[in-house]
Ligand SMILES: Nc1nc2c(ncn2[C@@H]2O[C@H](COP(=O)(O)OP(=O)(O)O)[C@@H](O)[C@H]2O)c(=O)[nH]1
Ligand SMILES: [Mg+2]
Ligand SMILES: [Zn+2]
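Protein chains in written order, with this note's numbering: chain D, 1 to 223; chain B, 224 to 336.
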């Protein structure tokens, strides 16, 4: 006769990853590498924003890029010509990055001598929000053509990021995009969030975005 | 794909737990999934055999319990099920509620033998 024994585990599935993310975050802090996790739907402008960010900050920070976006068109050469280290991560059809995958990416990139690494996450608003990568800060891009009701559809993502970039504002006259409605919806989900309208195409708002990064890096160093 | 990567994570955690507790055979694994979680129970069941292949959970049966997605209306305070009411408070009709439960994805227990 076999005896069955019920053993309670009561553990959130995300806990293991959360723990590994905390460890990575602490190690990055120790090594003085600021990791920014950049998330959005496909096509919102992550890659274009990464290029703009490099342009704005390359004279004051040594920057690296982890490219995990599947349909990315970052020209590795253009980026590296600008003195930026970049690697394309092969996420093998995965829809989000875990802390372990981020760690592997960083090891492959080599963080020696870098101050600032941008992780262009896989284009997805659902599970990227559930998996902590270990980043120092989390950023999200919502582009104008996607519509102002996105915060209602993907509340988790809007609730967990430190900053929201509203991109493609150069195209605002072609769309029915209510800025105030977005601001109101997003701050209700996340009262401490910073919202910055930008156009990665024209460069509008990029200075404000770069200033946000500088401030956060300073605060992160002090903390 | 989303479910598979997460189920592999689940299997790792359970194997760790089993090892630590000297369990060699697991008859059943019980998961709890909130209605508002991005996990779809049918997909989890579908990829489970693939995730346990070659692990100590190979012959383990999977059981999934669904946790309700409940919320409290910010206007009148009523607690209600979000999905059944399509997000609107059944008492006052306002679509502004604070989520109380339903985002969980938990490993509840195992039945060892
Ligand atoms: N009009 C406009 N187009 C943009 C802007 N930013 C990006 N795009 C375009 O949107 C498309 C997707 O951009 P990309 O950076 O590859 O997005 P990703 O998939 O999030 O990395 C490209 O054709 C970009 O040129 C912007 O601010 N305004
Ligand atoms: Mg891209
Ligand atoms: Zn109500």
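All C-beta atoms, glycine included, are put in the ideal place defined by N, C-alpha and C.
Source: prediction; values computed, not measured.
Exercise. What do you get for residue 306(B), buried or exposed, if any count of 16 or more other CB atoms within 10 angstroms of its CB means buried?
Worked result: Counting from 1 along the second chain, the entry for residue 306(B) is found at position 83. Flag for residue 306(B) reads exposed.
Exercise. Given a threshold of 16 other Cβ atoms within 10 Å of its Cβ, counted over all protein chains shown, does residue 40(D) qualify as buried or as exposed?
Worked result: As a position in the first chain, residue 40(D) is number 40, starting the count at 1. Buried is the call here.
Exercise. So does the segment 276 to 284 of chain B actually touch the segment 240 to 255 of chain B, counting three or more Cβ pairs closer than 8 angstroms?
Worked result: yes
Exercise. Would DSSP call residue 176(D) helix, strand or coil?
Worked result: Taking the first chain and counting its residues from 1, the one referred to as residue 176(D) is at position 176. Coil, per DSSP.
Exercise. Using a C-beta cutoff of 8 angstroms, does residue 243(B) count as contacting chain D?
Worked result: By one-based count along the second chain, residue 243(B) stands at place 20. Chain D, which has no Cβ nearer than 8 angstroms to the Cβ of residue 243(B), makes this no.
For this session: Give the secondary structure of residue 200(D) by DSSP, where H, G and I count as helix, E and B as strand, and everything else as coil.
Result: Locating residue 200(D) in the first chain gives position 200, counting from the first residue. In the structure shown, residue 200(D) sits in coil (DSSP, three-state: anything other than H, G, I, E or B).
For this session: Counting only the same chain and skipping the five closest in sequence on each side, list residues whose C-beta sits under 8 angstroms from that of residue 31(D).
Result: Here residue 31(D) refers to the residue found at position 31 when the first chain is read from its first residue. Here the set comprises 111.
For this session: Measure from the alpha carbon of residue 254(B) to the alpha carbon of each residue in 42(D), 10(D) and 36(D), then state which is nearest.
Result: By 1-based counting over the second chain, the position of residue 254(B) is 31. The shortest C-alpha separation from residue 254(B) is found at 10(D).
Exercise. Regarding residue 319(B) and ligand 1, is the C-beta to nearest heavy atom distance less than 7 angstroms?
Worked result: Counted from its first residue, the second chain places residue 319(B) at position 96. No, the Cβ of residue 319(B) stays beyond 7 angstroms of every heavy atom of ligand 1.
Exercise. Does any CB atom of chain B fall closer than 8 angstroms to the CB of residue 174(D)?
Worked result: The residue labelled residue 174(D) in the question sits at position 174 within the first chain. Not one chain B Cβ lies under 8 angstroms of residue 174(D).
Exercise. Since residue 206(D) and residue 198(D) are thought to touch, with beta carbons under 8 angstroms apart, how far apart are those beta carbons, to the nearest angstrom?
Worked result: Looking up residue 206(D) in the first chain gives position 206. Looking up residue 198(D) in the first chain gives position 198. Confirmed, about 6 angstroms.
Exercise. Which same chain residues, not among the five before or five after residue 190(D), have their C-beta less than 8 angstroms away from its C-beta?
Worked result: On the first chain, position 190 is the one that residue 190(D) refers to. Result list for residue 190(D): 158, 159, 160 and 161, in chain order.
For this session: Can you give me the Cβ contacts of residue 182(D) inside the same chain, cut-off strictly under 6 angstroms, excluding the 5 residues immediately before and after it?
Result: In the first chain, the residue the question calls residue 182(D) occupies position 182. Within the same chain, Cβ atoms closer than 6 angstroms to the Cβ of residue 182(D) are found at 148, the five residues on either side in sequence being excluded.
Exercise. Hey, how far is the Cα of residue 63(D) from the Cα of residue 85(D)?
Worked result: Here the question's residue 63(D) lines up with position 63 in the first chain. Here the question's residue 85(D) lines up with position 85 in the first chain. Cα to Cα, the separation comes out at about 7 angstroms.
Exercise. Excluding sequence positions up to five away, which residues of its chain have a Cβ less than 8 angstroms from the Cβ of residue 169(D)?
Worked result: As a position in the first chain, residue 169(D) is number 169, starting the count at 1. Cβ within range, chain order: 144, 197, 198, 199, 204 and 205.
Exercise. Within 7 angstroms: the Cβ of residue 47(D) and any heavy atom of ligand 2?
Worked result: Locating residue 47(D) in the first chain gives position 47, counting from the first residue. Under cutoff, so the answer is yes.
Exercise. Could you give the distance in angstroms between the alpha-carbon of residue 224(B) and the alpha-carbon of residue 3(D)?
Worked result: One-based indexing of the second chain puts residue 224(B) at position 1. One-based indexing of the first chain puts residue 3(D) at position 3. Because residue 224(B) sits at a pLDDT of 48, beneath the cut-off of 50, its placement in the model cannot be relied upon, and the point is left open.
Problem set entry | Reduced DSSP category for residue 6(D) - H, G, I as helix; E, B as strand; rest coil | Within the first chain, numbered from 1, the residue matching residue 6(D) stands at position 6. In this structure, residue 6(D) counts as strand in the three-state DSSP scheme.
Exercise. In terms of DSSP beta bridges, what is residue 11(D) paired with?
Worked result: Walking along the first chain from the start, residue 11(D) turns up at place 11. Paired residues: 330(B).
Exercise. Is the Cβ of residue 327(B) closer than 8 angstroms to any Cβ of chain D?
Worked result: As a first step, residue 327(B) is located in the second chain; it is residue number 104 there, counting from the start. Chain D contact via Cβ: present.
Problem set entry | At least three beta-carbon pairs within less than 8 angstroms, the segment 125 to 144 of chain D to the segment 17 to 37 of chain D | yes
Problem set entry | Any C-beta of chain D under 8 angstroms from that of residue 236(B) | Counting from 1 along the second chain, the entry for residue 236(B) is found at position 13. Chain D, which has a Cβ nearer than 8 angstroms to the Cβ of residue 236(B), makes this yes.
Exercise. If you follow the alpha helix (DSSP H) that residue 294(B) is part of, which residue opens it and which one closes it?
Worked result: On the second chain, residue 294(B) is found 71 positions in, with the first residue counted as 1. Taken as a continuous stretch (DSSP letters only), residue 294(B) belongs to no alpha helix (DSSP H), being part of the beta strand (DSSP E) at 293 to 296.
For this session: Can you give me the start and stop residues for the alpha helix (DSSP H) that residue 275(B) sits inside?
Result: In the second chain, residue 275(B) corresponds to position 52, counting from 1. Start and end: 264 to 275.
Exercise. In the segment 23 to 44 of chain D, which residues sit with their C-beta less than 7 angstroms from some C-beta in chain B, listed in chain order?
Worked result: none
Problem set entry | Backbone secondary structure at residue 102(D) - three-state DSSP | Here residue 102(D) refers to the residue found at position 102 when the first chain is read from its first residue. Helix, per DSSP.
For this session: Using a Cβ cut-off of 8 angstroms, pull out every chain D residue sitting near residue 336(B), in sequence order please.
Result: The count along the second chain starts at 1 and reaches residue 336(B) at position 113. Under the 8 angstroms cutoff, chain D gives 2, 3, 4 and 5.
Problem set entry | 7 angstroms Cβ cut-off: residues of chain D touching residue 229(B) | Here residue 229(B) refers to the residue found at position 6 of the second chain. Within 7 angstroms Cβ-Cβ: 13.
Exercise. Looking at the C-beta of residue 224(B), does it have a partner C-beta in chain D at a distance below 8 angstroms?
Worked result: Indexing the second chain from 1 puts residue 224(B) at position 1. Below a pLDDT of 50, predicted positions are generally treated as unreliable, and residue 224(B), at 48, falls in that range; the measurement from the model is reported next regardless. Closer than 8 angstroms: yes.
Exercise. Does the beta carbon of residue 250(B) come closer than 8 angstroms to any beta carbon on chain D?
Worked result: Taking the second chain and counting its residues from 1, one reaches residue 250(B) at position 27. At least one chain D Cβ lies under 8 angstroms of residue 250(B).
For this session: Could you name each continuous alpha helix (DSSP H) segment of 4 residues or more that falls completely within the segment 113 to 180 of chain D, going from the start of the chain to the end?
Result: Listed in chain order, the complete alpha helix (DSSP H) runs (minimum 4 residues) inside the segment 113 to 180 of chain D are 150 to 153 and 155 to 160.
Problem set entry | Stretch pair the segment 283 to 298 of chain B + the segment 318 to 329 of chain B: three plus CB contacts closer than 8 angstroms | Segment contact: the segment 283 to 298 of chain B against the segment 318 to 329 of chain B, three or more CB-CB distances shorter than 8 angstroms; contact assigned.
For this session: Confirm, please, whether the CB-CB distance from residue 223(D) to residue 56(D) is below 8 angstroms.
Result: Position 56 of the first chain holds residue 56(D). Position 223 of the first chain holds residue 223(D). Not closer than 8 angstroms, so no.
For this session: Please indicate yes or no: does the CB of residue 147(D) lie closer than 7 angstroms to some heavy atom of ligand 1?
Result: Position 147 of the first chain, counted from the start, is the residue given in the question as residue 147(D). Set against 7 angstroms, the gap from the CB of residue 147(D) to the closest heavy atom of ligand 1 is not smaller.
Problem set entry | Neighbouring residues, chain B, relative to residue 126(D) (Cβ below 7 angstroms) | For the purposes of this step, residue 126(D) is identified with residue 126 of the first chain, where counting begins at 1. Going along chain B in sequence order, the residues near residue 126(D) (Cβ under 7 angstroms) are 261.
Exercise. Is there a Cβ from chain D that is less than 8 angstroms from the Cβ of residue 271(B)?
Worked result: Here the question's residue 271(B) lines up with position 48 in the second chain. Not one chain D Cβ lies under 8 angstroms of residue 271(B).
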